[in-house]
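Read in order, the letters of the sequence shown are residues 319 to 568 in our numbering.
Using N, Cα and C, we set each Cβ at its ideal position, and we do this for glycine too.
Computed from a predicted model, the values in this text were never measured in an experiment.
Notes follow once the structure below has been shown.
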Amino acid sequence: MFELIGRAMTADMFPLLAITAALAGLVRGFSGFGSAMILVPVASALTSPQTAVVLLLLTDTLLTVPMVVPAVKRCVWREVLPLAAGAMLTVPLGVHLLIVLDPIVMRWIISTLILVLVALLLSGWRWSRPPSLPRTAVVGGASGLTGGMAGIAGPPVILFWMAGHGGPATIRANIIVFFAMTGLFNLVAYILNGLLTSERVALGIALIPVYALALLIGARLFRFASERFFRLLAFSLCAFAALSGLPLLD
Numbered sequence: 319m320f321e322l323i324g325r326a327m328t329a330d331m332f333p334l335l336a337i338t339a340a341l342a343g344l345v346r347g348f349s350g351f352g353s354a355m356i357l358v359p360v361a362s363a364l365t366s367p368q369t370a371v372v373l374l375l376l377t378d379t380l381l382t383v384p385m386v387v388p389a390v391k392r393c394v395w396r397e398v399l400p401l402a403a404g405a406m407l408t409v410p411l412g413v414h415l416l417i418v419l420d421p422i423v424m425r426w427i428i429s430t431l432i433l434v435l436v437a438l439l440l441s442g443w444r445w446s447r448p449p450s451l452p453r454t455a456v457v458g459g460a461s462g463l464t465g466g467m468a469g470i471a472g473p474p475v476i477l478f479w480m481a482g483h484g485g486p487a488t489i490r491a492n493i494i495v496f497f498a499m500t501g502l503f504n505l506v507a508y509i510l511n512g513l514l515t516s517e518r519v520a521l522g523i524a525l526i527p528v529y530a531l532a533l534l535i536g537a538r539l540f541r542f543a544s545e546r547f548f549r550l551l552a553f554s555l556c557a558f559a560a561l562s563g564l565p566l567l568d
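See below:
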């Protein structure tokens with residue numbers, strides 16, 4: 319394993335991948351979301367969509383565990399649990415699509431999905447009233463599908479919560495807890511489908527120190543952020559990553 323880690327760190331694409339991981343960790347620590355929407359499109363272009371989702375799992379899911387404990391106390395469980403239940407049912411289908419779809423097609427799907435989400439959120443659209451329980455579960459199902467397929471469980475639930483009327487602290491806590499649950503679902507599905515190869519695990523381990531430091535800095539910066547800055551920074555970085563990951567720019 320040490321030999322594989324060393325080989326990963328000397329690969330030509332590693333510096334750019336490390337910079338991307340640092341940006342992803344910074345935004346994740348700061349806003350509670352956004353790491354997948356930055357890391358996955360760029361890592362997919364540099365490696366493959368299958369490798370990208372494994373890298374996200376190894377860096378983000380493992381290192382954000384300490385963030386889950388305080389978030390559990392602040393999150394709104396009546397919103398988180400129906401979403402998680404819906405996601406659990408659709409993750410296997412998403413992983414199946416990840417395996418069978420062409421990598422170029424997957425990259426187009428990933429980048430387009432992120433750009434549509436950012437456009438919707440920047441439009442300022444909000445729920446006029448709280449959605450029903452079945453609709454909430456459907457949103458969770460959509461999140462599980464995109465999470466299993468592209469490692470990006472965020473778009474449906476981020477739109478769901480940011481289109482509501484909760485404050486940044488509550489939204490951030492909800493997202494952190496939800497991502498912890500979907501990360502567990504994805505881990506099981508990836509193991510069952512043989513996606514956790516030695517080479518991918520080694521590359522993920524090599525990125526962990528960079529991601530961890532950025533995550534810590536981002537979490538410290540959150541206390542100084544206004545709601546407007548909180549939203550605009552995350553959206554801007556997500557849009558930039560989506561554009562840079564388009565196959566058209568290869």
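Requested in this report: Indicate whether Ala354 and Tyr529 have their beta-carbon atoms separated by less than 8 Å.
Outcome: Translated into positions along the sequence shown, residue 354 becomes position 36. Translated into positions along the sequence shown, residue 529 becomes position 211. Judged by their CB atoms, Ala354 and Tyr529 are not nearer to each other than the 8 Å cut-off.
**Report entry** Within 8 Å, strictly: CB atoms of Ala455 and Ala537
**Finding:** For the purposes of this step, residue 455 is taken as the residue at position 137 of the sequence shown. For the purposes of this step, residue 537 is taken as the residue at position 219 of the sequence shown. Contact: no.
Query - Beta-carbon separation (whole angstroms), Ser416 vs Gln368, contact threshold 8 Å - result: Residue numbering aside, residue 416 sits at position 98 when the sequence shown is read from its first letter. Residue numbering aside, residue 368 sits at position 50 when the sequence shown is read from its first letter. The question names Ser, yet the displayed sequence has Leu at residue 416. 6 Å between Cβ atoms; contact.
Query raised in the report: Whole beta strand (DSSP E) runs in the segment 490-539 with 3 or more residues, listed along the chain?
Result: List check, beta strand (DSSP E) in window: nothing returned.
Query - Per-residue DSSP class, three states only, for Val394 - result: To locate residue 394, count along the sequence shown from 1; it is residue 76. Correct three-state label for Val394: coil.
**Report entry** Cβ distance (whole Å) where Asn511 is taken to contact Val413 below 8 Å
**Finding:** On the sequence shown, residue 511 is found 193 positions in, with the first residue counted as 1. On the sequence shown, residue 413 is found 95 positions in, with the first residue counted as 1. Contact flag correct, Cβ pair sits at about 6 Å.
Query - For Arg325, the first and last residue of its enclosing alpha helix (DSSP H) - result: By 1-based counting over the sequence shown, the position of residue 325 is 7. Boundaries of the alpha helix (DSSP H) harbouring Arg325: Phe320 to Met327, taken from the DSSP string.
Query raised in the report: What distance in whole Å lies between the Cβ atoms of Leu407 and Gly465, which are believed to be in contact at a cut-off of 8 Å?
Result: For the purposes of this step, residue 465 is taken as residue 147 along the sequence shown, with counting starting at 1. For the purposes of this step, residue 407 is taken as residue 89 along the sequence shown, with counting starting at 1. Their Cβ separation, rounded to whole angstroms, is 12 Å, which puts Gly465 and Leu407 out of contact at 8 Å.
Requested in this report: Count the CB pairs spanning the segment 466-481 and the segment 489-504 that are closer than 8 Å, and state whether there are at least three.
Outcome: Touching, yes, given that three or more Cβ pairs across the two stretches are closer than 8 Å.
Query raised in the report: How about Leu375 and Gly501: are their beta carbons less than 8 Å apart?
Result: Within the sequence shown, residue 375 is the residue found at index 57, counting from 1. Within the sequence shown, residue 501 is the residue found at index 183, counting from 1. Against a cut-off of 8 Å, the Cβ pair of Gly501 and Leu375 comes out as a contact.
Query raised in the report: So the alpha helix (DSSP H) Gly347 belongs to, where does it begin and stop?
Result: In the sequence shown, the residue the question calls residue 347 occupies position 29. From DSSP, the alpha helix (DSSP H) with Gly347 extends over Phe332 to Ser349.
Query raised in the report: Which residue spans inside the segment 367-440 form an unbroken alpha helix (DSSP H) run of at least 4?
Result: Listed in chain order, they are 367-374, 383-392, 395-418 and 421-440.
Report task. Would you kindly check if the distance between the Cβ of Phe553 and the Cβ of Val436 is under 8 Å? Result -> The residue given as residue 436 occupies position 118 in the sequence shown. The residue given as residue 553 occupies position 235 in the sequence shown. Yes, the Cβ-Cβ distance between Val436 and Phe553 is below 8 Å.
Requested in this report: Return the chain-ordered list of same chain residues with a C-beta closer than 6 Å to the C-beta of Phe351, the five sequence neighbours on each side being excluded.
Outcome: Residue 351 sits at position 33 when you count from the first residue of the sequence shown. The residues Gly472, Ile476 and Ile493, in chain order, have a CB closer than 6 Å to that of Phe351 in the same chain once the five nearest residues on each side in sequence are set aside.
Report task. Could you pull out every residue in the same chain whose Cβ sits closer than 6 Å to the Cβ of Pro421, ignoring the five residues on either side in sequence? Result -> Reading the sequence shown from its first residue, position 103 is the one you call residue 421. Taken in chain order, the residues that qualify are Ser366 and Pro367.
Report task. Compute the beta-carbon to beta-carbon distance between Leu344 and Ile535, rounded to the nearest angstrom, for a pair I have assumed lies under 8 Å. Result -> The residue labelled residue 344 in the question sits at position 26 within the sequence shown. The residue labelled residue 535 in the question sits at position 217 within the sequence shown. The Cβ separation is near 6 Å, so the contact holds.
Report task. Tell me whether Ile356 sits in a helix, a strand or coil according to DSSP, three-state version. Result -> Within the sequence shown, residue 356 is the residue found at index 38, counting from 1. DSSP places Ile356 in the helix class (H, G or I) of the three-state scheme.
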